[in-house]
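Peer 1: Once you've had a glance at the structure underneath, I'll fire off some questions.
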Amino acid sequence: MTALLKIDGLHKRYGEVRALADVTLDLPPGEVWGLLGHNGAGKTTLMKLALGILHPSAGRVEILGAAPRGRSGRIVRRAVGYLPEAAAFYGELSGREVLRYFQRLKDADPRQVEELLVEVDLAAAADRRVKTYSKGMRQRLGLAQALLGHPRLLLLDEPTVGLDPIATQRFYRTVRRHAAGGATVLLSSHVLPGIERHVDRVAILGGGRLLAAGTLEELRAAARLPVVIRLRGVRPGNGLDRFADRADITVQESAEGVEITAPAEHKLAVLRAAMGLPGLADVSVAPATLDEIYGRFVAAGGEAVT
Amino acid sequence: MIAVLRTIAIKEFRDGLRNQWVIAITAVFALLAVGLAYFGPAASGTVGFASLATTIVSLASLAVFLIPLIALLLAYDTVVGEQEQGTLLLLFSYPIGRTELLLGKFAGHALIMTVATVVGFGTAAVLIATFTHELGSLELWREFGYFIVSATLLGWVFIAIAYVISVSVAEKSTAAGLALGVWFVSVIVFDLGLLGVLVATRGAVGTLGREVFPYLLLLNPTDVFRVANLVGFEPARNYAGLVGIAAGGALSLGALSAALVAWVAAPLALAVWRFGRKEI
């Protein structure tokens, strides 16, 4: 399928500062992408370039086959929803008034305002002034605003910062519903734990460069990080000796049994061997977490840069 | 395009109603006019309503200070304020042009100044004319009408200048400082400077001065307003002061009006141009 958002050889410099360098990325329709990176890695810059708010120093951005700047910009931006980081909105207006204003600016269906207020659970607070809203309510209002006009592409910049776990869950559920409807979602985050359950693919930015992109499984394989297999009730020695002298496998005694760290491709071999061990009470397999994968790519990226 | 412009203009005007700007400016204008008319003759030992023509003169010399200040305060944060609260970034992501955005804001702010000027000064004028039995004087209403139109234009001029400031800086406090600076220069420093030149070149005033001076006044929109309102009225000649020099008739009312319009258009065009190139 053709890419909904196509980023090709994108560079952005602010004077001497390099914000983005040679980023190429294609986002097909209907997928949720996580854009990961430290603060200052270039996540916001990438979104501003995709929206046509900034001029690329080199390279191209296309949404639905057209540039987000210039003549086609207005048509392209009609198909995009954006939630900026920590948007404050108009504190003196009510939530409904804010949504109505943006609905008119986007020329969206007025009826969608009430639907969205219900969808993001702000119907009861719709007539309160936005300045009385909590951080979570403001973020939900921001999401509702981004969903006006049924956008094909959603760009969400740090959407879950400051949200409690329940609010975060609900936030992702809403996002997922719209992705199921065919929208492509790119959401940035510097908070990694938990995000992997909500995204189909991740792109990792570091120092303005794209360090990795793909599904979690693909990145896990590419990162060549070991899995940790925990065998409860097993004592070291008996039967595990044949792994002990291998350089790529380590066997350690833990409080409840042993912990085997092995390359992902030996996972099944280790498990097969473990099944016959005396005293085995339980098995748990922990693949490399997103945190570890992220750390691996960022460290590798740092080496490549220097 | 027009629909978007109207949406933005309506929001700006509603904001003006919501935060009491419209009502406050209107009340200030009305009280000022009525107060000046009533207490104006106090210098001659009495109080009571002076004629509308006399009132226009004193009103114009006060409006010259007040209108630019109010317009600058109303509009200085229009872009930089939205930039600080993050909504400018959001607006840029919408399918609207930056020119429409700024012109829409201008239409809203201009409407606020217009309503305040027309309603504030207008009701005051009707009140004064009722007391001084001048309601029937068409000539007077024509003059007062011109005062209101030029006062409105003066307000628009400083809204446009405030926009240039607002699109050019990154912080609200910088914009506020610059706005006050602009006000100070245009209502005080510029005239002092001209006066200095006038005194220093005393020999030339008789010959060259009469030719050049009226045109130097065109460089300052507040002076254009002053000239337009003071020299047009017979009772004003005694109060006209510095700008009285322009009373020689070098500048017609039409030319002065055109100068005010140009003083609206030029800063507005500059603001639109800078806004279009702004990166945030």
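So the protein sequences, as listed, match chains A and B.
Take 1 as the starting number for the first sequence in my numbering and just add one per residue.
Take 1 as the starting number for the second sequence in my numbering and just add one per residue.
All C-beta atoms in this analysis are idealised placements derived from N, C-alpha and C, irrespective of residue type, glycine included.
Note that the structure is a prediction, hence the values are computed from the model and not measured.
Please tell me whether residue 280 of chain B has its Cβ less than 8 Å away from any Cβ of chain A.
Peer 2: Yes, its Cβ sits closer than 8 Å to a Cβ of chain A.
Peer 1: Could you tell me which residues DSSP puts in a beta bridge with residue 7 of chain A?
Peer 2: Paired residue(s): A:25 and A:61.
Peer 1: In this structure, how does DSSP classify residue 173 of chain B when only helix, strand and coil are distinguished?
Peer 2: It is helical.
Peer 1: What residue range is occupied by the uninterrupted beta strand (DSSP E) comprising residue 252 of chain A?
Peer 2: Taken as a continuous stretch (DSSP letters only), the beta strand (DSSP E) holding residue 252 of chain A covers 250 to 253.
Peer 1: Could you give the first and the last residue of the continuous beta strand (DSSP E) run that contains residue 259 of chain A?
Peer 2: Segment 257 to 262, the beta strand (DSSP E) holding residue 259 of chain A.
Peer 1: Going by the beta-carbon positions, is the gap between residue 264 of chain B and residue 166 of chain B smaller than 8 Å?
Peer 2: No. Outside cutoff.
Peer 1: Along the segment 89 to 108 of chain B, what residues have a CB closer than 8 Å to any CB found in chain A?
Peer 2: Going along the segment 89 to 108 of chain B in chain order, one finds 89, 90, 91, 92, 93, 94, 95, 96 and 97 with a Cβ nearer than 8 Å to chain A.
Peer 1: Residue 19 of chain B CB to nearest chain A CB: under 8 Å?
Peer 2: Closer than 8 Å to some Cβ of chain A, the Cβ of residue 19 of chain B qualifies, so yes.
Peer 1: Note down, in chain order, all residues in the segment 102 to 121 of chain A with a beta-carbon under 8 Å from any beta-carbon belonging to chain B.
Peer 2: Those would be 102, 104, 105, 106 and 107, in chain order.
Peer 1: Starting from residue 84 of chain A, find everything on chain B with Cβ-Cβ shorter than 8 Å and list it in chain order.
Peer 2: Simply 86, 89, 90 and 93.
Peer 1: Can you list the residues of chain A that residue 4 of chain B reaches, using a CB-CB cut of under 9 Å?
Peer 2: Near residue 4 of chain B (Cβ distances below 9 Å), the residues of chain A are 104, 105 and 107.
Peer 1: Applying the criterion that 16 or more other CB atoms from any shown protein chain within 10 Å of the CB defines a buried residue, is residue 47 of chain A buried or exposed?
Peer 2: Residue 47 of chain A is buried by the Cβ-count criterion.
Peer 1: Give me the residue from B:62, B:97 and B:105 with the minimum Cα distance to residue 82 of chain B.
Peer 2: Checking every option, the nearest Cα to that of residue 82 of chain B belongs to B:105.
Peer 1: What are the boundary residues of the beta strand (DSSP E) that residue 82 of chain A is part of?
Peer 2: Run containing residue 82 of chain A: 80 to 83, per the beta strand (DSSP E) assignment.
Peer 1: Mind checking if residue 7 of chain B is an interface residue toward chain A, Cβ cutoff 8 Å exclusive?
Peer 2: Chain A contact via Cβ: present.
Peer 1: Distance, Cα to Cα, residue 36 of chain B vs residue 191 of chain B?
Peer 2: Each residue's Cα considered, the two are about 24 Å apart.
Peer 1: Using the Cα positions of residue 138 of chain B and residue 150 of chain B, report the straight-line distance between them to the nearest angstrom.
Peer 2: Cα to Cα, residue 138 of chain B sits roughly 18 Å from residue 150 of chain B.
Peer 1: Suppose the cutoff is 7 Å on Cβ atoms and the five residues either side in sequence are ignored; what does the same chain contact list for residue 304 of chain A look like?
Peer 2: At residue 304 of chain A, the pLDDT of 44 sits below 50, so the modelled position is not reliable; the number obtained from the coordinates is stated separately. No residues qualify anywhere along the chain.
Peer 1: For residue 92 of chain A, return the contacting residues in chain B, with the cut-off set at a CB-CB distance below 9 Å.
Peer 2: Near residue 92 of chain A (Cβ distances below 9 Å), the residues of chain B are 15, 18 and 19.
Peer 1: Under 8 Å between beta-carbons, which chain A residues line up against residue 11 of chain B? List them in chain order, please.
Peer 2: Going along chain A in sequence order, the residues near residue 11 of chain B (Cβ under 8 Å) are 101.
Peer 1: Using only alpha-carbon positions, find the residue among A:34, A:83 and A:90 that is nearest to residue 192 of chain A.
Peer 2: Checked all of A:34, A:83 and A:90; the closest Cα to residue 192 of chain A is A:34.
Peer 1: Taking contact to mean at least 3 C-beta pairs separated by less than 8 Å, is the segment 50 to 70 of chain B in contact with the segment 267 to 281 of chain A?
Peer 2: No, they do not touch.
Peer 1: Residue 80 of chain A touches chain B at which residues, Cβ-Cβ below 8 Å?
Peer 2: Within 8 Å Cβ-Cβ: 93.
Peer 1: At the 8 Å Cβ level, is residue 297 of chain A part of the contact set with chain B, yes or no?
Peer 2: Answer no: the Cβ-Cβ gap between residue 297 of chain A and chain B never drops below 8 Å.
Peer 1: Would DSSP call residue 51 of chain B helix, strand or coil?
Peer 2: Three-state result, residue 51 of chain B: coil.
Peer 1: Measuring alpha carbon to alpha carbon, tell me which residue in B:197, B:172, B:158 and B:51 is nearest residue 143 of chain B.
Peer 2: Minimum Cα distance to residue 143 of chain B is reached at B:51.
Peer 1: What is the DSSP secondary structure of residue 67 of chain B, counted as helix, strand or coil?
Peer 2: The answer is helix: DSSP assigns residue 67 of chain B an H, G or I state.
Peer 1: With distances taken between CB atoms, is the gap from residue 30 of chain A to residue 215 of chain A smaller than 8 Å?
Peer 2: Cβ atoms of residue 30 of chain A and residue 215 of chain A: not closer than 8 Å.
Peer 1: First and last residue of the alpha helix (DSSP H) that includes residue 44 of chain A?
Peer 2: Per DSSP, residue 44 of chain A belongs to the alpha helix (DSSP H) from 43 to 50.
Peer 1: Report the rounded CA-to-CA distance for residue 30 of chain B versus residue 49 of chain B, giving the unit in angstroms.
Peer 2: Approximately 14 Å, taken between the alpha carbons.
Peer 1: Quick one: measure Cβ to Cβ for residue 251 of chain B and residue 87 of chain A, integer angstroms, because I've assumed they're closer than 8 Å.
Peer 2: Not a contact, Cβ separation roughly 50 Å.
Peer 1: Taking three-plus beta-carbon pairs below 8 Å as touching, is the segment 97 to 113 of chain A in contact with the segment 200 to 219 of chain A?
Peer 2: Touching, no, given that fewer than three Cβ pairs across the two stretches are closer than 8 Å.
Peer 1: If residue 128 of chain A and residue 94 of chain A are in contact, beta carbons under 8 Å, what's the gap, nearest whole angstrom?
Peer 2: Indeed, because the Cβ distance is near 6 Å, the residues count as touching under 8 Å.
Peer 1: Could you check which residue in A:148, A:203, A:164 and A:161 has the C-alpha nearest to that of residue 178 of chain A?
Peer 2: Looking at the Cα atoms, A:148 is the closest of the given residues.
Peer 1: Spell out the partners DSSP gives residue 284 of chain A in its beta bridges.
Peer 2: The partner list for residue 284 of chain A (beta bridge, DSSP) reads A:230.
Peer 1: With 8 Å as the threshold, decide whether the Cβ of residue 87 of chain A is near any Cβ in chain B.
Peer 2: Closer than 8 Å to some Cβ of chain B, the Cβ of residue 87 of chain A qualifies, so yes.
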